[in-house]
Amino acid sequence: MAAKDSPKLGLYSYWQSSCSWRVRFALNLKGISYEYKAVNLLKGEQFTPEFEKLNPLHFVPVLADGDVFISDSYAILMYLEEKYPRRPLLPSLLPSNPQHKALNLQVASIVSSSIQPLHMLSTSKYLGEKVGPQEQLLFAQTNVEKGFHALEKLLKNIVGKYATGDEVYMADVFMAHQIAMATERFKIDMSKFPSLSRIYESLKAIPEFLESSPEEQPDAVK
Amino acid sequence: MVHQHEHEQAQQQNKLKLYSYWRSSCSFRIRIALNLKGLDYEYIPVNLLKGEQFSPEFQKLNPIGYVPVLVDGDVVVSDSFAIFMYLEEKYPQIPLLPSDLAKKALNIQAANIVSSSIQPLQNLAVLKYIEEKVSPEEKVPWAKFHIEKGFGALEKLLKDHAGKYAIGDEVAMADAFLAPQILAGIQRFNVDMAKFPLLTRLNEAYSELPEFQKAIPENQPDAPSA
């Protein structure tokens, strides 16, 4: 594991937030120390005036880098890639594999646009009011499976130990927590997705991933 | 004359190709980006309503069946975000992202509010689901709710950063993602734009840019004739 700097970054995070999980995993992979700043979403701490100054949208995660504050997990990850280029999470644009980088971004998009928004808390709550909790759960499961079928197709011929080969990249950072949630919360039958299952088995063995998981966070409720 | 023809053929082969559907706002984003960067491209329509995204040829390009897809020689890139970043890196001459890291992050954040918090909740598949499981009358209110929620977030986010355009005075990624969403909100989902003065002003600014106007759905080759 790479040597860590003394913490100068802060991460506003909630233990169960999947978007926060992505950034925690990435920071661990890059060997970047950070100060964990818990924001209790259940207690409404995202609505305090102090937090509102950091992110008027009241979302976690927020990265604090000196006097710069970056919100949105995708934006944070791209910022980290550029500002802290060691242990890159995006492969370079190589003539030998010109699509590798784009593929990683595409996988990240599929998770963050086509899957996660359709089962995130606010969507589920609103939908549940219209169709009831059972139907809403079915909607979540259907969309997770739809996204997983897409990922399976996309990665089938490219997958190695990890999503796009034998190194952990951005695609893995986005997929890891999504697969964890799919199995634990949505009881998705992963035998339908052999490539994704294989990727997940590899990711589960990485200490940086395990350390980033919700249960390991300072604000986890045991 | 033979040499000129071959030269033209070679140019055609080297031209970028964009697989697009006239009404797809994700395709619209990339059409804007290509126009802003002065990149010529061949428009290849994929009729989503007729299921052309499931044809064997298209499935080979993009097994997921989404548009847009960019073909650059041997390179095939899908997903508007991935395509955008590819274009930024491969064709850096007219940059659509500022070099300042914080401003760059703001652009990506604004783009993601559109592509993650708004568009996926009002796309064809979700609206079809709402129509079936709730009622046909619920489609527009559902879309309107999510668009307005996202627009409220964007108003807040951009308030301290907007200049002539979304972030500062240069057209950038945020604008390319915002413009299609604002138009969709106005034209298809009865969004009350009076609540969103900044986005209203930006929409007016976009209507004056030929690169944006050339990219609008009605101006695409596969748009139904009036």
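Chains as they are written, first to last, in the numbering used here: chain A, 13 to 234; chain B, 13 to 238. Where a beta carbon is used, it is the ideal one built from N, C-alpha and C, also for glycine. Predicted, not measured: the structure shown is a model, and the values here were computed from it.
For a contact meaning CB atoms closer than 7 angstroms, what does residue i contact in chain A?
i	result
P132/B	S125, S126, P129 and L130
Y247/B	Lying outside 13 to 238, the shown extent of chain B, residue 247/B is not represented and no answer is given.
S128/B	S124, S125 and P129
A165/B	L69
Anything in chain B within Cβ reach of residue i, meaning under 7 angstroms, just list it in chain order.
i	result
Q235/A	Residue 235/A is absent from the structure shown; chain A starts at 13 and stops at 234.
Hey, residue i and residue j are a contact pair by Cβ (cut 8 angstroms); roughly how many whole angstroms apart?
i	j	result
Y31/B	V89/B	Contact doesn't hold; Cβ gap of about 11 angstroms is too wide.
V80/A	A114/B	5 angstroms
M182/A	L106/A	Actually they do not touch by this definition, with Cβ atoms about 16 angstroms apart.
A155/B	L139/B	6 angstroms
V123/A	Q190/A	5 angstroms
A188/A	L215/A	5 angstroms
K161/B	A217/B	About 23 angstroms separates the two Cβ atoms, so there is no contact after all.
With a threshold of 7 angstroms between beta carbons, is residue i in contact with chain B?
i	result
V185/A	no
D84/A	yes
I211/A	no
A114/A	yes
L21/A	no
M13/A	Any reading at M13/A must be qualified, since the residue scores a pLDDT of 47, below 50, and its modelled position is unreliable; no value is offered.
List the residues of chain A whose Cβ lies closer than 9 angstroms to the Cβ of residue i, in chain order.
i	result
Y53/B	The contacting residues do not exist; Y53/B stays about 17 angstroms from chain A at best.
Any idea if residue i is buried or exposed, counting beta-carbon neighbours within 10 angstroms, 16 or more meaning buried?
i	result
S32/A	buried
V58/B	buried
R36/A	buried
R35/B	buried
A217/A	exposed
G56/A	exposed
Q134/B	buried
S126/A	buried
R98/A	exposed
L73/B	buried
E47/A	exposed
N155/A	buried
D52/B	exposed
L101/A	buried
L130/A	buried
Q111/A	buried
I125/B	buried
V233/A	exposed
E220/A	buried
P73/A	buried
P233/B	exposed
Q58/A	buried
S134/A	exposed
A14/A	For A14/A, the predicted structure reports a pLDDT of 49, less than 50, and the residue's modelled location is therefore unreliable. A value from the coordinates is still provided. The residue in question, A14/A, is exposed, as its Cβ has fewer than 16 Cβ neighbours within 10 Å.
K62/B	exposed
N202/B	exposed
Which residues in chain B have a C-beta closer than 8 angstroms to the C-beta of residue i? List them in chain order.
i	result
E94/A	L113 and K116
Q111/A	V87, V88 and V89
Closer than 7 angstroms, CB to CB, is residue i near chain A or not?
i	result
N135/B	no
S36/B	no
Q121/B	yes
N124/B	yes
Closer than 9 angstroms by beta-carbon distance: list the chain B residues that pair up with residue i, in chain order.
i	result
L105/A	Y98, E101 and K102
A188/A	Here the premise fails: no neighbours, minimum Cβ distance about 18 angstroms.
For a contact defined as C-beta to C-beta under 8 angstroms, what are the partners of residue i on chain A?
i	result
I76/B	I122, A162, K165 and L166
Find the residues of chain E that neighbour residue i, judging by a C-beta separation of less than 7 angstroms, and give them in chain order.
i	result
N26/B	Going by chain labels, chain E is absent from the structure shown, which instead holds the protein chains A and B.
message = Closer than 7 angstroms between beta carbons: that is the criterion. Which residues of the region 132-150 of chain A meet it against chain B?
response = T135, K142, V143 and E147
query = For the region 160-183 of chain A, which residues have a CB atom closer than 7 angstroms to at least one CB atom of chain B, in sequence order?
reply = A162, K165 and L166
ask   = Which of the residues in the region 67-91 of chain A, read from start to end, lie with their CB under 8 angstroms from any CB of chain B?
value = P68, L69, V80, I82, S83, D84, Y86, A87, I88, M90 and Y91
request  = Taking a Cβ distance cut-off of 9 angstroms, strictly less, list which residues of the region 137-149 of chain B are near chain A, in chain order.
outcome  = A137, V138, Y141, I142, K145 and V146
key: chain A contacts from the region 212-226 of chain B (Cβ-Cβ distance under 8 angstroms)   = none
ask   = If you measure beta-carbon to beta-carbon, which residues of the region 169-185 of chain B are closer than 7 angstroms to chain A?
value = L169
query = For the region 28-45 of chain A, which residues have a beta carbon sitting closer than 7 angstroms to at least one beta carbon of chain B?
reply = none
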